[in-house]
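Colleague: Note that the sequence shown ends on residue 191 in this note's numbering; no numbers are left out.
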Amino acid sequence: MTIGAVYLAAGNSTRFGSNKLLYPIKGEPMFLHGLRILNQMVQEGVLDRLVAVTQYPEIMRYAASHSIPARFNPDSSRGISSSISIGLSDLTETDACLFLVADQPYLTKSSITALVTGWIASKKGIGCLSWKGSMGNPVLFSSKYYPELFALTGDTGGKKIAKKYREDVWLCEAEQERELEDVDTRTVTS
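1) What are the boundary residues of the beta strand (DSSP E) that includes Ala103?
2) Whole angstroms is fine: what's the gap from Ser191's alpha carbon to Ile26's?
3) Buried or exposed for Lys133, please, with buried defined as at least 16 other CB atoms from any protein chain shown within 10 angstroms of its CB.
4) Between Val47, Phe73 and Leu51, which has its C-alpha nearest Glu208's C-alpha?
5) Please list, in chain order, all residues of the same chain as Ile87 whose beta carbon is under 6 Å from its beta carbon, the five residues on each side excluded.
6) Which residue comes first and which comes last in the beta strand (DSSP E) that contains Ile127?
7) Taking 8 Å as the cut-off, decide whether the C-beta atoms of Val52 and Leu108 are in contact.
8) Span of the alpha helix (DSSP H) holding Met2?
9) If I follow the unbroken alpha helix (DSSP H) through Pro148, where does it start and stop?
10) In the structure shown, what three-state DSSP assignment does Glu168 receive?
11) Report the option in Glu29, Ala97, Phe151 and Ser78 whose CA atom is closest to the CA atom of Thr3.
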């Protein structure tokens, strides 16, 4: 089974007040935490391919300097659905695709790995990191859901599909609740 990953790093950070993906957390730009984990997982063979989608030159430069495929999203103002389509278009030949948002800097490699390996064993079509049964990100979709992912519009992400097909969702509990936290304000603690 081939599993791709799309790193969604093109948001406008409107609530944050500036580009939050460049905001330092644990001494590094926020975007770097998840991207580094996904790249390690590709190198280790847990994931087969990775593509980052962004509107930010800094992230494009970092990806290029680390041989990580990256796609520029010129229409990020259209919402996350545009980034999903751009990233997935590079991975249509994969059997499944993991989507991870760049504003969750507390995700751990072990939780993401548990999501991927547990989802494979579950034989379900969708896998979702969760906390106490509540769906969060990242989310993993089998290729049978690619047409619906491409059909998303606006600021609607894959969770809409996961909720629609709840009986086909396998939940993986995160190690800590904080892993599912989206950073939207500057009141961030390391």
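Even for Gly, the Cβ is constructed at its ideal location relative to N, Cα and C. Note that the coordinates shown come from a computational prediction; the quantities given were computed from them, not determined experimentally.
Modeller: Per the coordinate set shown:
1) For the purposes of this step, residue 103 is identified with residue 102 of the sequence shown, where counting begins at 1. Careful: Ala103 lies outside any beta strand (DSSP E) and carries neither H nor E.
2) Here residue 191 refers to the residue found at position 190 when the sequence shown is read from its first residue. Here residue 26 refers to the residue found at position 25 when the sequence shown is read from its first residue. Low per-residue confidence applies at Ser191: pLDDT is 48, beneath 50, and the placement is therefore not dependable, though the value from the model is reported in the following sentence. Between Ser191 and Ile26, the C-alpha separation is close to 6 Å.
3) Along the sequence shown, read from residue 1 onward, the residue named residue 133 stands at position 132. With fewer than 16 other Cβ atoms within 10 Å, it is exposed.
4) With the chain running from 2 to 191 in the structure shown, residue 208 is simply not present.
5) Taking the sequence shown and counting its residues from 1, the one referred to as residue 87 is at position 86. Taken in chain order, the residues that qualify are Val54, Arg72 and Asn74.
6) Sequence index remark: in the sequence shown, residue 127 carries index 126 (1-based). It spans Ile127 to Trp132 - the beta strand (DSSP E) in which Ile127 sits, taken as one unbroken run.
7) In the sequence shown, the residue the question calls residue 52 occupies position 51. In the sequence shown, the residue the question calls residue 108 occupies position 107. Not in contact: Val52 and Leu108 (Cβ atoms no closer than 8 Å).
8) Position 1 of the sequence shown, counted from the start, is the residue given in the question as residue 2. Counting along the chain, Met2 falls outside any alpha helix (DSSP H), and DSSP gives it neither H nor E.
9) Start at 1 with the first residue of the sequence shown, and residue 148 comes out as number 147. Its alpha helix (DSSP H) spans residues Tyr147 to Phe151.
10) By one-based count along the sequence shown, residue 168 stands at place 167. Glu168 falls in the helix class under three-state DSSP.
11) Your numbering for residue 3 matches position 2 in the sequence shown. Closest by alpha carbon: Ala97.
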